[in-house]
Amino acid sequence: MFDRILITIAKPIARIIFPLRVIGKENIPKNGGFIICGNHTALLDPVFLLLTCPRRIYFMAKEELMKKGIAKWFFKKFHVFTVKRGAGDIESVNYAIDLVENGEILGIFPEGKRSRDYTPQNAKAGIALIAHAAKADILPVGIYAKGRIKPFKLTTVRYGKLIKYDELGMSEAGGRSEYKAASVKIMDEIKRLWGMGHEKNTDS
């Protein structure tokens, strides 16, 4: 409850400092679990999704973000949980799967880190592995600004059409090659949405 109250209070001020153009908001399912995936160029990317998505998002983040006291408190209030990069963090992965299976939204940035040149990079296979285990649909999002995201500069958040799990082309058994192909499919759609960021049509 704390997170939704704070977002409601902060939203008008936040959108003055960081003006947002929101497109495709009608594509966000009103109920049911799925994974929301966007490109990652700024620390504020999760905030932009929280400000524009009417439902709560549980973000998976790297463990390093939770080491400082204030940050740890803040992230916990906003239901961020960590995963150890480069390690088989089974507990965090199982928690992510449980969230989706219980009708919640899981937030993941498939690239695994921020892009230093402000353009979308290739996805890690982990996103497809989690989608496969949870049989989860994917909601792709393109977050676009001309160059670096900064205060008083317009940022576009474009929600795409839901990618149904069956469209990812993964068999019941799964496997590395299938995960890689599915991750490419997801990231290609995110890149397409990001590339449309300069277009004029908007909604809010």
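If you use our numbering, the sequence shown corresponds to residues 57 to 260, in order.
Glycine included, each C-beta is placed from N, C-alpha and C at the ideal position.
Return yes when the Cβ of N83 is within less than 8 Å of the Cβ of I199, no when it is not.
No, Cβ-Cβ distance for I199 and N83 is not below 8 Å.
Looking only at DSSP bridge pairs, what is F137 linked to?
When beta bridges are read from the DSSP output, F137 appears opposite M116.
Return the CA-CA distance between G231 and I92, expressed in angstroms with no decimal places.
So the alpha carbons of these two residues sit roughly 22 Å apart.
Determine the closest residue to Y151 out of L62, M243, A189, S227, with distance taken between C-alpha atoms.
Distance check between Y151 and each of L62, M243, A189, S227 places A189 closest, using alpha-carbon atoms only.
Simplified DSSP state of R248, which is helix, strand or coil
R248 carries a helical assignment under DSSP once its states are collapsed to helix, strand and coil.
K191 versus G163: straight-line alpha-carbon distance, rounded
Cα to Cα, K191 sits roughly 15 Å from G163.
8 Å Cβ cutoff met for A179 and E167
It is a contact, given that the beta carbons lie within the stated cut-off.
Straight-line Cα distance separating R71 from V149:
The C-alpha of R71 is placed about 33 Å away from the C-alpha of V149.
When you compare only the Cα positions, how much space is there between Y235 and R77?
Straight across, the Cα-Cα distance linking Y235 with R77 is about 32 Å.
Within 10 Å of its beta-carbon, does T175 have 16 or more other beta-carbons around it, so buried, or fewer, so exposed?
When all chains shown are included, T175 counts as exposed.
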